[in-house]
Each structure stands twice: as structure tokens, then as C-alpha cells.
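> Quick one: the structure is below, and I'll ask about it shortly.
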Amino acid sequence: ELEAFEKLRADPSAVTAAVAMSGIESAGFVFGGFLPTRPASIRRAALQRLLAGSGAMGLPLVLFEAPHRVRSLLAELSSAASAASVSLCRELTKLHEEVLTGTPAEVASALTEPRGEFTVVIGEIAASDAAGAPVNTAALVAAAGAAGLTTRTTVELLRAAGLSRRDAYAAVHELPAVRRG
């Protein structure tokens, strides 16, 4: 048992550490991983969908980003969600730990030399920023099913995203990915 504990202590999760360090209080978060790299239009569309989904659910969005693309991501966030709270985290739980927090523009100006992989936590997404992209109901239901969420919880997520109760239940029952209960 001690070996298992030591392994867990040695391999902390960058995602949960970044959410904790961001100071954003939330019951959960939406994990987007790495955005597509090319083409730029697909990258922007993916970011818009993730911002819309997390904003509609009232949850922070967590992304990974490479050092050579982090400034570009902050610029995209400045135009898509300029008032959002952003925490840019690097080397968490290590000697050269760094966390920058503020609006996308403030974080971009404070960023000196981007090195290492970044974990980006985006919180407080305004409803106007989140409303820009339509909700991909099928993707949301599939993600809920993959996470093992129940029908009721999935319906509540769809309702938070703007669907009526009737449409939310119809979407859940059309797709078999959700655990019934």
C-alpha cells in the first residue's frame, strides 16, 4: 500500500492541480485537452464549442497547450471571451512552478518566456461569450455517457445548455450512450 501511495504522490494530475491553483470555485470542470492544431478555423471553432459548453454549464474549462501556441490561445481567448478569468499554469508541483492569473490580455502581457506544457483554466465565462456557438447535443450526450452520467444528470446538463426539458429527454433517449437511471 505504501508503494501505491508513493506512486500517486509522485504522479500528480496537472488538471486537478491547475484547477485548485486557479482559485476558481466550482463543483467540477470541463476538460478539453489539446485543441486541434490546424487549420486555424477548426481550432477556433473547437474553442468556441468548448467555451459555449462550459459557459452554459457554469463550469470552468481546462485546456492543455504547447509553449509555441500558448500566446495564440491567449489572443483567441482575448477576442472570444475577453472578460473571462484565466489561470495559466506551468510546472505545477515542481521546482519552477508558475501560475499567472487574470484576463487573457493580462496573462499574455505577464507571460515572459513560454517553456514546458501549459495547463490553462478558463473560468467565469460570460453568458454572451458562451452563447456564440450552438450546442452539439449529440456530443454532449456522448460525453455524458462516456463519463457514466445518468439520464437525469444528462438531461440537467442539456437544460443548462438551453434545451427544453422535452427536447433534452428526447435527445437522451435517441442516443443509447447514457446509463439509464
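Adding 685 to a residue's 1-based position in the sequence shown gives its number in our numbering.
Note that beta-carbon positions come from the ideal geometry of N, C-alpha and C, so glycine has one too.
Just so you know, these numbers come straight off a predicted model, no measurement behind them.
1) Measuring alpha carbon to alpha carbon, tell me which residue in L735, R800, K779 and A769 is nearest T786.
2) Residue range of the alpha helix (DSSP H) that L759 falls in?
3) Residues bridged to L744 by DSSP?
4) Please classify A741 as buried or exposed, where buried requires at least 16 other C-beta atoms within 10 Å of its C-beta.
5) Tell me the rounded alpha-carbon separation between E798 and P752.
6) Quick one: which unbroken beta strand (DSSP E) runs of 3-plus residues sit fully inside the stretch 692 to 727? Chain order, please.
7) What residue from A855, F714, R729 and G738 has the CA that sits closest to R754's CA?
8) Taking only runs of the alpha helix (DSSP H) that begin and end inside the stretch 786 to 813, which ones reach a length of at least 4 residues, in chain order?
9) Please state if the CB of L748 and the CB of V805 are separated by a distance shorter than 7 angstroms.
10) Measuring alpha carbon to alpha carbon, tell me which of Y854, A846, R851 and A856 ends up nearest A737.
11) Can you name, in chain order, every residue of its own chain whose Cβ lies under 8 angstroms from the Cβ of A705, other than the five neighbours on each side?
Result, derived from the coordinates:
1) Among L735, R800, K779 and A769, the Cα nearest to that of T786 is on A769.
2) Boundaries of the alpha helix (DSSP H) around L759: V755 to A765.
3) Looking at the DSSP assignment, L744 forms no beta bridge with any residue, so it has no partner.
4) Buried, because 16 or more other Cβ atoms sit within 10 Å of the Cβ of A741.
5) Cα-Cα distance, rounded: 9 angstroms.
6) Here the runs fully enclosed are 715 to 719.
7) Each of A855, F714, R729 and G738 was checked against the Cα of R754, and the nearest Cα belongs to R729.
8) If we require 4 residues or more, the alpha helix (DSSP H) runs fully inside the stretch 786 to 813 come out as 789 to 795.
9) Yes. Within cutoff.
10) Selected option, being the one with the closest Cα: A846.
11) Taken in chain order, the list of residues that qualify is empty.
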